[in-house]
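Residues 1 to 996 (UniProt numbering) are what the sequence shown spells out, left to right.
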Amino acid sequence: MAATSFIDGVLNLLRQDTLPYTLIGGLAVIVLVSWVSYLNDPLRSIPGPFWARWGPAWLVYWARDGSMHRKMIDMHEKYGKLVRTAPNEVSFSNPEYLKVVYGAGSDFYKSDWYSVWQGRRKWDLFGERSEAIHRAQRRLVSQIYSLSNMKKLEPYVDTATTMFLNKLKDMAGKEMNMTKWAQLYAFDVIGEVTFSKTFGFLEAGEDIHGAFTLIDNSLRSAAWVGYVPWVYWANVRLAPIIGNRLGVLGRQNGLLILAAKAIKERKERGSDHQDVLDQFFQVQKEKPEFDDICITSMVASNIFAGSDSTSITLSAFIYHIIKNPQYRARLVAEIDEAAKVNNVKHGEIFPMDVANNMPYLQACLHEAIRCHPAVGMNLGRVAPPQGVEIDGVYIPGGTVVGANAWVVHQHKETFGEDADKFRPDRWLEEPERVSQMKRAFFSFGAGSRFCIGKNIAWLELSKMAPSLFHDFEIELVNPDASLQEIAMSVTVAMAKLDQLPTEVLLVIIGLVQSNRDFLAFSRTSRSFHNITKNELPLRRKYRRIRIKENTDFDKAFNILISILRRPQLGDFVRHIEFDQAPRTYINYEINSIGLKELKDEDSERLRIAVQNAGFTGEYAENVINMALQPSFLLSEHSGTVHNQLRPAWVAQALTALLVSVSPYLETMTASQIMPNFTVYNYGGTTEDIIRFPLEKVLIETNAHPEGKPYLQNLRSVDILPHQGDFWEDERTYHEVDIFGMISLINQLPSMEQIGIDGAIEDENGLQDLVPSASNISRIRINHSNFETWFLSPLINSYGCGSPDGSYASFNPRTFLKAMLSHKATLEILHIDADSVCDFIDMGEYNDHWQVDRDEKEQAPSHIEPQGLWERTGSLRDFSALTQLNIGIGILLFLTLGTQGMETENPDCSPSFDEVVLADSLPDTLESLVIIGYEKGVRQDFDKIVEQFMADKDTKLPNLKHVSGVEEMIERAPKVDYPDEESEPWWEEEEWSEYEY
């Protein structure tokens, strides 16, 4: 018993003593084996994460997390061009080696990562690892997916695209998840293209078949299970017990069931459409090995790849475009121009041929796909037995080598130092550089295994993208969120109003007269609402400013100070009326009595504003003094000349300062800004004149408009005739130095219209009216007391007419020559001057008149623009004209054209016998109002009009409105100078009251 206890004790002691040695020995063996393994590891020189040497665990983690694309970018930034990602796997970033690994004829083949994607299916173009089998399979269906065949399927894409755009119209102004709707759209496109019937996703507005969940689960599970394929096969064998817990069987089971159901319905329904499924059936007739199982597999692949990847790309495209307004503006401009040239109306879908010829659109699509490829995993290929050298490093045969599109597309040597930024212009650089980038474009794979559905994806994107931005404005609800953070939650609003830049929206807002309309506009979209939500009270206060009566001066001054305190208030000013005409030039007399008091900071703001308006030195001090004048002094219209002119000085100073702080000023109503004709009758030289403040601002800006922060948007000026001592209410008939006034504004960049109630003839200043680029879109002349030789250079230079009172000759031929300056821009023409029409052409004066030309044409001989009298053309040349209101006589003259109006006897009118009115009007014409035509009075007129009414529908398809044929429209009455009892023929527009 004792011996046994002793032996047991010794054995226990031995056990206790050898345990540490056993552990140490075991650890040493592990270290030794690891060290030997490391020394024999052919990939040990390639850097990478520590755990990558021992297994794919870290790949499984990031693939399951859905962040593999970002992680791979980080890994390459940290470790370089080559990164070891698993014990037997290497990732490369240099696009030069794409052809080596993925190119046609390469000895590389797909890794076992793809076996999970193929599963148990015998037909899978993406998952098939055997190059020979893949080549045979692809050969059967490649023609169906060719670009030429895809173009035949455009009508099916158009059907789904129209449904999508109609849904957006229904949701205009509401928040929506664009990624979700893009996927609904992509699903229904695949349905139309494959089965000639959508899946009904767009109509329902949701995933009614649960396909989204199936695809999402399949993508996430296959991505990580591919690194441990045994997990997939274990799941397959245990599926009867555990089901599809990993989600990995969705692609093999759920989508196949959905595809089989759709195929069955298509067969039962029948169709004469040449859709993809019908073409599959045609292949099956010729190649029986392409059986129903193969067709079902191909259809499932269409649904799986065609819906998810296209929706991702479309969402990324929209996101990047609306995040970069400078690119959106350029893209929309190209879209609008292409729509105009190709007659694509709003609500219509852009043809693919049109989209393919839009270089900036294609650049934006390429850039969106480059920045956000649909696939974020490495596409592994097994190196051939002889191995391969990549970036100077030998990689042995059997190693899995792969590239990630996200990594390749940020290769700076290929795509530029800003490769991580969205910049479409990189695709418009020199051809050699673009070719290099296209060779590195990896979003659809490369070589013989590139995505077979590339053409259908490009078809969808090329049609949807321009159609979407042609009709809609899309904005991010949270502009600061990333694409991943917001999943493309956006607000959609109908274009075109909200499609415009903010500064243009402000201009449009300024034109809205009714508060009801204003509120309606503000509800059209979030961006419009953000601009206008606080504007209503400010708009009423600042939109229109008047400086006319004594009580207006203080109000205008207070508005000026408010704007100086808050400069953004100046953005609301759209119209200024100035009505204090100076009678003569005289030096300003400083007055320091009763000046308005200002705080120091406001005084400094006023001084800076005066400087910004261009006033300097002593004159700047005078302008400050003018602005501070007390209102009681401005009511004195008697006494010294200085006191009589003080209101004009003050009004001009306030107007000039308000103009300088109102960048979006559009219209101005102004009385004579300088004394009538004084420039030419002044005793000294024009340099000696102490000009009025507004006059100085206009002279300087008109001479050098570039770079000025004001008067850039002024487009219309109404000139008020001078208020004389007689006919105080009939100011229509008082003189205005129209040429002097025009010389102050005729070079401003946005000017479109000058309106005047009346003007007198005077050649002074005509020499200053040089022709300029035309913005003129409307010309209206009722009467003119300008002789045509005097009016025509004026129209040629600025397109301005004068509806005044007395009889004067109106020569249509000379007038037409002058109007030809504006033939590309004139949209609306109103001429009611038949009663004063005279065919004598002062531009072709001859001896028949027995009047000396030099004497008669002394004024026009030095002011007529070069080539005015030699111009030729007719009314048909006016390519922008849409509305024409015109007397019957002048209409026929203008249709003859300048050459058709030539006659041997200048006193005789030309013949209208050969006139075919429908052939003589521009194709753009939409409305024609004929004035003064009375049926039965002149047979030649009746014949022309009857033929026109018979021809107009076929020859002028845009002409929707014609009046003045069945019922005569009276000409404007002749107007004589009034006597003391007569009422003015031109009523002043009643001014609405201020609301401050």
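Even for Gly, the Cβ is constructed at its ideal location relative to N, Cα and C.
The structure displayed is predicted, hence computed values, not measured ones.
Look at the Cβ atom of residue i, then the Cβ atom of residue j, and state whether they are nearer than 8 Å.
i, j, result
"Thr701", "Leu694", "no"
"Val299", "Ile263", "yes"
"Ile349", "Thr162", "yes"
"Ala259", "Ile312", "no"
"Ile73", "Gln410", "yes"
"Asp579", "Lys548", "yes"
"Asp834", "Gly964", "no"
"Leu875", "Thr898", "no"
"Asn558", "Asn591", "no"
"Phe442", "Val400", "no"
"Phe469", "Val332", "yes"
"Ile673", "Leu564", "no"
"Tyr327", "Pro424", "yes"
"Gly55", "Tyr79", "no"
"Ala446", "Leu168", "no"
"Trp51", "Trp58", "yes"
"Trp224", "Arg84", "no"
Quick one, which of the options has its alpha-carbon nearest residue i's?
i, options, result
"Pro957", "Pro922, Gln947, Asp940 and Ser671", "Pro922"
"Gln568", "His470, Ser91, Tyr542 and Lys454", "Tyr542"
"Leu829", "Arg871, Thr882 and His209", "Thr882"
"Ile390", "Asn643, Asp107, Leu168 and Phe92", "Phe92"
"Thr414", "Asn94, Asp471, Ile930 and Phe572", "Asn94"
"Met171", "Phe472, Gln326 and Gly397", "Phe472"
"Asn378", "Ser879, Asp41 and His69", "His69"
"Asn455", "Asp953, Thr310 and His372", "Thr310"
How long is the line joining the alpha carbons of residue i and residue j, rounded to whole angstroms?
i, j, result
"Asn622", "Gln753", "33 Å"
"Ala824", "Asp877", "8 Å"
"Thr296", "Ile335", "39 Å"
"Tyr145", "Leu476", "35 Å"
"Asp158", "Leu459", "10 Å"
"Tyr588", "Lys345", "59 Å"
"Glu175", "Gly376", "29 Å"
"Glu432", "Trp113", "36 Å"
"Glu966", "Leu959", "17 Å"
"Asp725", "Ala627", "Note that Asp725 has pLDDT 36, beneath the 50 cutoff, so the model's placement of it is unreliable and the number below is only indicative. The straight-line gap from Cα to Cα measures roughly 28 Å."
"residue 1075", "Val916", "This structure leaves residue 1075 out entirely; the chain is present only between 1 and 996."
"residue 1060", "Ala581", "Residue numbering for the chain in the displayed model covers 1 to 996; residue 1060 lies beyond these limits and cannot be assessed."
"Ser307", "Ala457", "9 Å"
"Val90", "Leu43", "8 Å"
"Ser435", "Pro351", "26 Å"
"Ser301", "Ser148", "21 Å"
"Glu618", "Val697", "16 Å"
"Leu748", "Thr924", "28 Å"
"Tyr156", "Val193", "6 Å"
"Gln183", "Leu202", "9 Å"
"Val228", "Gly270", "44 Å"
"Gln137", "Pro325", "45 Å"
"Tyr585", "Val573", "30 Å"
"Tyr394", "Ile46", "10 Å"
Tell me whether residue i is buried or exposed, calling it buried when 16 or more other Cβ atoms sit within 10 Å of its Cβ.
i, result
"Leu428", "exposed"
"Gln629", "buried"
"Gln939", "exposed"
"Lys340", "exposed"
"residue 1000", "As shown, the chain starts at 1 and ends at 996. That puts residue 1000 outside it, with no answer to give."
"Arg566", "exposed"
"Ile215", "buried"
"Glu604", "exposed"
"Ala132", "exposed"
Give a yes or no on whether 8 Å exceeds the smallest Cβ distance from residue i to chain D.
i, result
"His372", "Checking the listed chains, one finds no chain D in this structure; it contains a single protein chain."
Consider the C-beta atom of residue i and the heavy atoms of the ligand NAD; say whether any pair is separated by less than 7 Å.
i, result
"Ser660", "This structure lacks the ligand NAD; in fact it carries no ligand of any kind."
Tell me the start and end of each unbroken alpha helix (DSSP H) in the stretch 381-426 that is at least 4 residues and wholly inside, in chain order.
405-408 and 412-415
Which runs of the beta strand (DSSP E), 3 residues or longer, sit entirely within the stretch 881-947?
883-887 and 927-931
In chain order, which continuous runs of the alpha helix (DSSP H) of length 4 or greater are located wholly inside the stretch 554-591?
none
Identify every run of the beta strand (DSSP E) within the stretch 593-643, keeping only runs that are complete inside it and at least 3 residues long; order them along the chain.
none
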